[in-house]
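Worksheet: one structure, shown below.
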Amino acid sequence: MKIPEALSKARYNWFPDHVLGEVLSKRWADNAVPLLFLLLTIVVLDHLIPNFLSPQSLSDSGRQMGEFLIIVCGISIVMMAGGIDLSIGSNYALCALAAVGVVNLLQWPIPVAFVIAVGIGAVFGAFNGVLIGFFKLRAFLTTLVTLVIGRAVYDIALVQFGTAIQLAYRDSPVWDFIGDGSIRLFPVSLIAAIAILVTAHIFLSRSRPGWHITAIGGSRRSAFNTGIDVRKTVFWTYVISGACCGIAGFLFGARLNGTGPGTGINLEILALTACVVGGISLGGGRGSIAKGVLGALIVLTINNSLIRMGYHSGTNQMVLGLMLAIAVILDIRWLKNRQKVLHNVYVAPVYTSMGPAPSALPGSGTPYALNHRLSETEIIGLGEIEGPEDVILDEDDHLYCGTRHGDIVRYFAPEYRESEIYAHIGGFPLGLAFDRDGSLKVCVGAMGLYSVSPDRRVERLSAETNRSWLSVVDDARLRDPNDLDIGSDGRIYFTDSTTRYDAHEWATDSVENRPTGRVLVYDPEIGRTRTLLRRLNYPNGVCMAHDGESFFFAESWECRVNRYWYRGPEAGRLECVIRDMPGYPDNINRASDGTYWMAWLGMRTPTFDLMLRRPGARRRMTRRLPKDDWLFPNINTGGVVKFDESGRILTTLGDLGGKHHPMVTSMREHKGYLYVGGILNNRIGRYKLDGANAYWTGMSSYRGRAP
Amino acid sequence: MIIDEAFDRLLDLFRPKAITIPHLDGAMQPNMRLDEAPVLASLHEPDNVADVGGDLWCSSGASLQRIDLASDHGKPEVIREFDAQIACLAGAPDGSHAVGLDDGTIIVRGPGESVVELPSVGPDRLKCPVALCFAGPRKLVVCQGSDRVPPSQNVRDLMLAGNSGSVWMLDLDRGTEVCLAGGLAWPYGAVVLPEPDGILVSESWRHRILRLRSSGGRPETVLDNLHGYPARLSRLRDGSVMLCIFAPRNRLIEFVLMEDEFRRQMVETVAPEHWIAPALRTGESFLEPLQQGGVKIMGIHKPWAPTLSYGLVVRLGADGTPAASFHSRANGTRHGMTSCCEIQGRIFATSKGGHCIVELPQETGAGT
């Protein structure tokens with residue numbers, strides 16, 4: 000290997016490029032920009048303002064922050080449902096005035112004042128909610144109107160009662176504590192805010208009504224079509240927002256023990272800016288409480304700091320306006336381009352150097368030389384089935400296969416003309432194996448490990464394994480369960496080919512070539528799955544060896560077959576049996592003469608092998624070309640290869656013209672015939688094996704009965 | 000929104016530029032006319048057809064053949080075998096013809112018994128004749144594809160980013176050789192139009208048609224951004240020009256043309272027939288490159304799949320814009336169209352990749 004290639008290998012195999020794509024595919028990735036901005040703001044302001052981060056200063060701003068956070072929490076919920084609430088400023092002022100009035104003028108108990116403040120807020124919100132939710136008025140105009148009405152009511156009330164409220168005095172330690180008190184430097188209002196935010200977060204992300212709110216914001220019509228009561232849910236978001244104003248107003252009243260003509264003015268702009276800067280989409284459907292909090296922290300910090308630095312209120316408004324404008328543009332651009340960005344950066348190829356392989360060209364004289372023998376197969380189910388990745392036969396010779404529609408289809412012996420849907424699972428059923436009790440164990444792409452009992456009951460056995468600590472994507476999930484076999488210990492050994500791509504994108508994994516596949520074992524006794532081997536380059540077919548202590552498994556993109564001992568004296572040993580094949584191996588199954596069949600899903604090409612050594616070029620390819628134009632391994636030509644325990648190649652069957660079986664992903668020997676399936680094919684082939692034991696079946700082989 | 004656009008520009012600096020190729024649209028809308036066209040003759044890699052004194056001649060490998068138009072399955076009859084592969088052929092109404100060979104020799108016979116043999120062209124001894132065209136009695140236009148590879152290695156020239164092609168006007172009587180244009184990226188076809196329209200030349204690697212004047216001057220671009228790599232041009236009696244396109248443009252090829260290091264390694268270590276490069280035919284070997292869109296799914300090879308070979312003949316109207324086209328798509332077999340010729344009112348085209356000469360249907364239009 001030349002030096003630059005070694006450098007390239009080091010660069011692409013050690014630098015975790017793939018993490019960027021994985022992070023971007025996470026929902027919380029949106030928070031990164033506001034968070035960075037917040038940290039930057041704090042660092043800058045700490046430089047500009049003395050004592051910016053002193054505990055006293057923080058505690059002071061915390062008090063105000065608490066009220067603001069509660070308001071933002073309310074408007075966030077409204078915005079997530081696709082609405083907007085401009086009336087919060089008026090509502091807030093009204094509630095504050097009511098609270099102070101009840102406490103100072105009426106001298107009623109403090110809890111009653113709280114209930115009245117929140118009640119007024121909620122009723123005010125309900126007014127919005129009725130108009131917007133039930134009468135379907137535009138949220139923007141409606142809340143603009145209620146903003147004006149609310150402000151007018153407030154102004155009238157302030158003139159009426161303002162002076163009286165200011166002059167009255169209430170000696171109440173509770174009232175003072177709510178306004179001035181702290182618990183270990185945490186002001187009461189901030190503690191209240193934190194409690195509300197946590198509740199709201201759990202409500203939005205973990206509860207049914209919370210999900211309904213997001214669903215309505217995402218697509219009102221779809222939400223309606225799925226049966227969500229859109230009107231009622233929208234109504235309640237405004238009630239929540241109003242109630243939040245009530246709580247915040249109560250806290251404000253307690254803090255200042257009075258209100259003024261400026262109370263709540265411009266609050267809606269502040270809160271709206273906070274939400275948008277935090278990343279809550281104006282269109283609804285996308286956002287979280289965390290985003291709102293981030294935005295609120297940014298906006299209020301900047302706002303207060305500008306005041307402390309002595310800028311005029313005009314400047315303040317200008318800064319807010321600019322921030323809002325930039326945030327809106329970023330939000331729209333990001334929303335529009337997020338998928339594109341993700342598509343651009345997700346594929347993160349690594350360096351792979353394939354060993355030189357013997358030729359598979361016909362007439363090359365190697366044991367791998369392909370031929371036309373598979374083009375002579377009898378065809379079963381042409382055009383009726385799509386994507387029989389694996390095929391299997393039962394004791395009565397019926398033929399089973401999975402399809403891309405999520406079905407297990409059964410063809411009846413001996414003609415194999417009539418068929419029925421044996422079971423519907425969903426996902427993409429791939430590897431199949433019959434268990435001792437006659438149940439069919441299935442690896443279902445994108446779903447997990449399933450079992451279909453003889454009475455056709457579908458049961459999920461496992462959909463997760465143990466999570467590794469340092470992985471960004473959830474690698475506990477079974478993403479591409481591919482093939483399985485059942486060990487002599489009754490456990491199910493199966494492969495999960497990649498943690499990076501979904502089952503239908505399996506071929507894209509070859510372009511990246513990052514070894515993220517695993518061999519897993521499911522223990523029916525405890526009903527759990529455990530990871531046996533990891534960092535494999537697309538582990539695929541699994542087949543128990545005849546010794547009852549080990550199994551073979553194919554590692555597709557490495558073009559090799561490995562053997563792993565799972566029990567007995569050599570338990571834990573891993574050995575490569577066949578390496579550097581000219582084709583990409585898929586499923587492996589037993590042959591009647593004590594050897595094994597292996598399917599080749601495709602062939603290596605010199606250009607793709609070269610491309611594997613150039614991860615940078617592959618990366619640019621994935622960014623600059625549409626997927627259809629990417630260079631792939633040649634998966635239009637496959638074959639079937641027979642090998643023995645020592646890894647010696649015995650026979651090769653091919654379909655060079657691609658007449659019936661351009662790609663082969665599985666084959667199963669049964670009573671002298673070989674049944675051939677392909678994940679991208681629309682037929683099953685039946686090939687007569689000359690000289691094969693005409694009584695041998697896979698099931699008899701596994702049960703140790705001589706046929 | 001102005002801010003929005005400005006923002007877009009700003010983002011452009013950070014995002015990868017997509018590689019694009021022109022759409023097959025309008026007069027270029029795909030059809031299956033080449034696959035449906037009747038076969039005149041089947042022969043190995045027919046390359047260049049020409050009307051030689053009213054007979055249809057065709058080059059195939061090293062042999063020059065005459066195709067009998069009268070019989071319904073035009074049987075080729077070998078006229079002459081050469082020591083080297085025939086690279087190009089031109090004929091004249093008086094029966095004279097010119098043959099360019101892979102070793103660079105140009106042989107002109109006729110009229111009568113006269114024979115002129117030129118081992119090379121120009122002071123630089125160019126040995127890459129890839130297209131010939133008579134510009135009048137004893138006057139010959141010669142396209143020299145490159146100054147470093149023989150005609151048969153055209154794809155290597157593309158991979159080496161060749162731009163050393165030139166077009167020459169030879170006067171056989173006076174023995175003069177005039178260079179009409181140089182610095183071309185594989186001029187692969189020429190047709191002499193009646194004055195004052197000059198000479199049309201197809202510049203393959205730059206996907207365009209140029210107009211040259213016998214008086215010299217800068218070449219003028221007639222047609223740009225073609226859908227493939229143009230090959231020979233020929234003129235029909237009605238004044239329109241037939242353009243053969245021997246391979247399609249493909250985003251992956253354009254990508255490889257930008258990846259210098261990858262391309263260098265590919266040229267050095269991979270057999271040319273397995274390169275990511277324009278091809279006359281595909282699907283013969285599993286060692287050929289495959290693109291995702293070309294994967295057969297449910298037994299179907301999509302006709303619109305990205306492909307390294309394609310069949311395309313375009314009729315250009317009198318103003319030089321495409322008027323009609325004949326296609327053999329990704330799943331077809333009549334690929335690698337290299338030349339075209341009108342004779343006795345019938346139009347024949349060679350499918351070098353499909354090993355046959357087909358007769359193009361007469362009713363020309365942009366339809367599907």
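Taken in order, these protein sequences are the chains called A and B.
Quick note: the first sequence uses numbering that gives the first Met the number 0, first residue 0, plus one each step.
Quick note: the second sequence uses numbering that gives the first Met the number 0, first residue 0, plus one each step.
All C-beta atoms in this analysis are idealised placements derived from N, C-alpha and C, irrespective of residue type, glycine included.
A quick note: this is a predicted structure, and the numbers were derived from the prediction, not measured.
Spatial neighbours of residue i in its chain, beta-carbon cut-off 8 Å, leaving aside the 5 residues before and after
i: arginine 455 of chain A; result: Tyr421 and Ala422
i: glutamate 385 of chain A; result: Thr402, Arg403, His404 and Asn681
i: alanine 317 of chain B; result: Gly238 and Ser239
Under 7 Å by beta carbon: chain B residues contacting residue i
i: isoleucine 407 of chain A; result: Per Cβ cutoff of 7 Å: no residues; isoleucine 407 of chain A is ~19 Å from chain B at best.
i: glutamate 383 of chain A; result: None at all; the shortest Cβ gap to chain B is about 11 Å.
i: proline 661 of chain A; result: Lys295
i: arginine 613 of chain A; result: Phe261
i: glycine 657 of chain A; result: Lys295
Proximity of residue i and residue j at Cβ, strictly below 9 Å
i: histidine 273 of chain B; j: threonine 604 of chain A; result: yes
i: glycine 676 of chain A; j: aspartate 389 of chain A; result: yes
i: histidine 669 of chain A; j: aspartate 396 of chain A; result: yes
i: leucine 307 of chain B; j: isoleucine 275 of chain B; result: yes
i: glycine 293 of chain B; j: alanine 304 of chain B; result: yes
i: valine 71 of chain A; j: glycine 291 of chain A; result: yes
i: methionine 79 of chain A; j: isoleucine 201 of chain A; result: no
i: glycine 282 of chain A; j: leucine 334 of chain A; result: yes
i: glycine 263 of chain A; j: asparagine 90 of chain A; result: yes
i: tryptophan 167 of chain B; j: valine 140 of chain B; result: yes
i: glutamate 554 of chain A; j: glycine 582 of chain A; result: no
i: asparagine 370 of chain A; j: leucine 655 of chain A; result: yes
Close beta carbons around residue i, own chain, < 6 Å, minus the five adjacent residues each side
i: glycine 99 of chain B; result: Ala86, Cys87, Ile105, Pro128 and Leu131
i: tryptophan 564 of chain A; result: Glu548, Ser549, Ala570 and Arg572
i: serine 418 of chain A; result: Val408 and Tyr410
i: asparagine 588 of chain A; result: Cys542, Trp596 and Arg667
i: valine 349 of chain A; result: Tyr11, Asn12, Asn512, Arg513 and Pro614
i: alanine 112 of chain A; result: Ala98, Val101 and Val102
i: glycine 364 of chain B; result: A caution first: glycine 364 of chain B carries a pLDDT of 45, below 50, which makes its placement in the model unreliable, though a value can still be read off. If we look at glycine 364 of chain B and ignore the five residues flanking it on each side, its Cβ neighbours are Ala323.
Exposure of residue i, with buried meaning 16 or more beta-carbon neighbours within 10 Å
i: leucine 321 of chain A; result: exposed
i: glycine 738 of chain A; result: Chain A is shown from 0 up to 706; residue 738 of chain A falls before or after that span and cannot be answered.
i: leucine 140 of chain A; result: exposed
i: serine 151 of chain B; result: exposed
i: arginine 248 of chain B; result: buried
i: aspartate 16 of chain A; result: buried
Chain B residues whose Cβ lies nearer than 8 Å to that of residue i
i: glycine 684 of chain A; result: Chain B residues near glycine 684 of chain A: none, gap ~12 Å exceeds 8 Å.
i: leucine 679 of chain A; result: Val294, Lys295, Ile296 and Met297
i: methionine 734 of chain A; result: Because residue 734 of chain A is not part of the residues shown, which for chain A are 0 to 706, the question remains open.
i: glycine 362 of chain A; result: Ordered by position in chain B, no residue passes the 8 Å Cβ test against glycine 362 of chain A, which lies about 12 Å from the chain.
Chain-ordered neighbours of residue i on chain A, where CB pairs are closer than 7 Å
i: glycine 247 of chain B; result: It is proline, not glycine, that sits at residue 247 of chain B in the sequence shown. Here the premise fails: no neighbours, minimum Cβ distance about 12 Å.
i: alanine 17 of chain B; result: Arg623
i: valine 269 of chain B; result: Pro605, Thr606 and Leu609
i: methionine 265 of chain B; result: Thr606 and Leu609
i: leucine 279 of chain B; result: Going along chain A, no residue has its Cβ under 7 Å from leucine 279 of chain B, so there is no contact; the nearest lies around 17 Å.
Cβ neighbours of residue i in the same chain (closer than 7 Å, five flanking residues each side left out)
i: methionine 297 of chain B; result: none
i: leucine 23 of chain B; result: Pro29 and His226
Interface partners of residue i on chain B, CB under 9 Å
i: alanine 616 of chain A; result: Phe254, Val255, Glu258, Glu260 and Phe261
Residues that residue i contacts on chain A, provided the C-beta gap is smaller than 9 Å
i: histidine 273 of chain B; result: Thr604, Pro605 and Thr606
Neighbouring residues, chain A, relative to residue i (Cβ below 8 Å)
i: arginine 173 of chain B; result: Residues of chain A passing the Cβ test: none, with the nearest at roughly 50 Å.
- Anything in the segment 621 to 640 of chain A with a Cβ closer than 8 Å to a Cβ of chain B? List those residues in chain order, please. Arg622, Arg623, Leu624, Pro625, Lys626, Asp627, Asp628, Trp629, Leu630, Phe631, Pro632, Asn633, Ile634, Asn635 and Thr636
- Query: At a Cβ cut of 9 Å, what residues of the segment 498 to 523 of chain A count as close to chain B, listed as they run along the chain?
  - Reply: Ala506, Thr507 and Val510
- Message: Can you pull out the residues from the segment 287 to 298 of chain B whose beta carbon lies closer than 9 Å to at least one beta carbon of chain A?
- Response: Glu287, Pro288, Leu289, Gln290, Gln291, Gly292, Gly293, Val294, Lys295, Ile296, Met297 and Gly298
- Could you please tell me which residues of the segment 299 to 329 of chain B, in chain order, have their CB closer than 7 Å to any CB of chain A? Pro305
- Item | Members of the segment 318 to 336 of chain A near chain B, C-beta cut-off 7 Å | Ile328 and Arg332
- Message: So if I threshold CB-CB distances at 9 Å, which residues from the segment 143 to 163 of chain B count as touching chain A?
- Response: none
- Query: If contact means a Cβ-Cβ distance below 9 Å, which residues of the segment 190 to 213 of chain B contact chain A?
  - Reply: none
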